[in-house]
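Engineer: Just passing along the structure, written as structure tokens.
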Amino acid sequence: MIAPAIEMAAGVVLVVLALRDVFDTVVVPGESRGALRVARRLLVVAVPIWKWARRGKSAVSTSFAPAILLGSFLIWMGLLLLGFGLVAHALGDWFSPSPDFQQALFIVGSALCTVGLSGIEAQGPARWVLILAGFSGLLVLTMAVTYLLEVQEGISRRDSGILKLTTAAGEPPSALGLLERYADLDSPEEIRRILYGGRDWCASVLQSHASRFTSGQRR
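First residue of the sequence shown? That's 47 in this note's numbering, and the numbers climb one at a time after it.
Dropping the structure here:
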């Protein structure tokens with residue numbers, strides 16, 4: 047009885063930590079305050095490897111941030127799989143037939159992916175474990191899509207501001223070039239409008255990069 051209880055407790059703790067980390071990273075603006083901080087730790091590990099692999103090229107490519115996001119969500123799903131797998135294995139007597147740990151992982155994995163291909167009947171509390179696993183998997187996948195859309199929206203606003211500045215101030219953009227261009231056009235009010243717009247754009251970029259740190263890892 048002691049071993050299944052320890053196994054269940056470990057699984058519950060792992061599931062709670064993983065879901066808390068997903069919530070802190072995706073929903074709560076700013077740096078994650080969870081115990082795992084998967085995305086931050088993955089970033090610390092991946093940056094040196096990425097730079098070494100791309101030696102002689104640009105340090106950060108357009109695919110780096112999406113790779114970090116994808117890796118983070120895969121790790122979260124793996125942690126949920128392991129956590130719910132431990133809980134399901136601890137409740138083995140409530141399954142028919144009773145699964146070993148590998149079968150428990152398959153049962154939970156099919157529930158996380160909302161596929162349901164296990165072919166093993168669950169009873170009592172085991173049913174609730176599979177329901178929670180399916181709900182958690184759907185929740186994480188939904189949050190992943192939402193997070194990607196939010197990051198893409200922030201990047202789109204940033205790139206739009208860069209293109210506007212390049213169009214107005216030349217390539218590369220310079221304050222002198224901006225002043226000369228609109229002085230020739232005799233449009234001082236247009237310069238005022240551009241400066242106010244640039245201030246708002248800088249605030250928007252700063253806010254999006256602070257609340258969604260992966261935005262700052264895109265070129």
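Ideal Cβ positions, reconstructed from N, Cα and C, are used throughout, including at glycine.
Everything numeric in this text was worked out from a predicted model, so none of it was measured.
Taking the straight line between their C-alpha atoms, what separation do you get for Arg227 and Ser182?
Structural biologist: About 56 Å.
Engineer: Would you mind working out which of Ala81, Ile114, Val84 and Val74 sits nearest Val93, comparing C-alpha positions?
Structural biologist: Answer by Cα proximity: Ile114.
Engineer: Could you check what DSSP says for Ala81 in three-state terms: helix, strand or coil?
Structural biologist: Of the three classes helix, strand and coil, the one that applies to Ala81 here is coil, per DSSP.
Engineer: Between which two residues does the alpha helix (DSSP H) harbouring Pro50 extend?
Structural biologist: Element bounds for Pro50: Ile48 to Val72.
Engineer: Since Glu131 and Val154 are thought to touch, with beta carbons under 8 Å apart, how far apart are those beta carbons, to the nearest angstrom?
Structural biologist: According to the sequence as given, residue 131 is Gly; it is not Glu. Yes, Gly131 and Val154 are in contact; Cβ-Cβ is about 5 Å, under 8 Å.
Engineer: When the Cα atoms are used, what is the spatial distance from Asp139 to Leu187?
Structural biologist: Answer to the nearest angstrom: the Cα atoms are 30 Å apart.
Engineer: With distances taken between CB atoms, is the gap from Leu176 to Ala157 smaller than 8 Å?
Structural biologist: Yes. Within cutoff.
Engineer: Is it a yes or a no for the segment 194-210 touching the segment 83-90, going by three-plus beta-carbon pairs under 8 Å?
Structural biologist: Contact fails: fewer than three Cβ-Cβ distances are below 8 Å.
Engineer: Can you find the residues in the same chain that come closer than 7 Å, C-beta to C-beta, to Leu151, ignoring five residues on each side of it along the sequence?
Structural biologist: Hits under 7 Å: Leu127 and Gly131.
Engineer: How would you write the range of the alpha helix (DSSP H) that Arg227 sits in, first residue to last?
Structural biologist: Per DSSP, Arg227 belongs to the alpha helix (DSSP H) from Ala221 to Asp230.
Engineer: For Leu185 versus Gly129, is the C-beta spacing smaller than 8 Å?
Structural biologist: Against a cut-off of 8 Å, the Cβ pair of Gly129 and Leu185 comes out as no contact.
Engineer: Rounded to whole angstroms, what is the Cα-Cα separation between Trp122 and Lys97?
Structural biologist: If I take the Cα positions, the gap works out to 25 Å.
Engineer: Among the residues of its own chain, which have a CB less than 8 Å from the CB of Val159, if the five just before and after it don't count?
Structural biologist: First, the amino acid is wrong: residue 159 is Cys here, not Val. Taken in chain order, the residues that qualify are Gly183.
Engineer: Whole angstroms are fine: how far does the CA of Tyr193 sit from the CA of Leu63?
Structural biologist: Cα to Cα, the separation comes out at about 19 Å.
Engineer: Just list the residues that DSSP pairs Ala168 with in beta bridges.
Structural biologist: Answer by DSSP bridge pairing, in chain order: Phe141.
Engineer: Short of 7 Å in beta carbon distance, which residues of its chain neighbour Ala56, apart from the five on each side in sequence? Order them along the chain.
Structural biologist: Cβ within range, chain order: Leu132.
Engineer: Are the CB atoms of Gly124 and Leu88 nearer to each other than 8 Å?
Structural biologist: No, the Cβ-Cβ distance between Gly124 and Leu88 is not below 8 Å.
Engineer: Go ahead and pull the three-state DSSP assignment for Arg101.
Structural biologist: Looking at Arg101 - three-state DSSP - the assignment turns out to be coil, as it is neither helix nor strand.
Engineer: Quick test of your reading: Phe141 and Ala111, contact by CB under 8 Å. State the CB separation rounded to the nearest angstrom.
Structural biologist: Going by Cβ atoms, the distance from Phe141 to Ala111 rounds to 41 Å, so no, they are not a contact pair.
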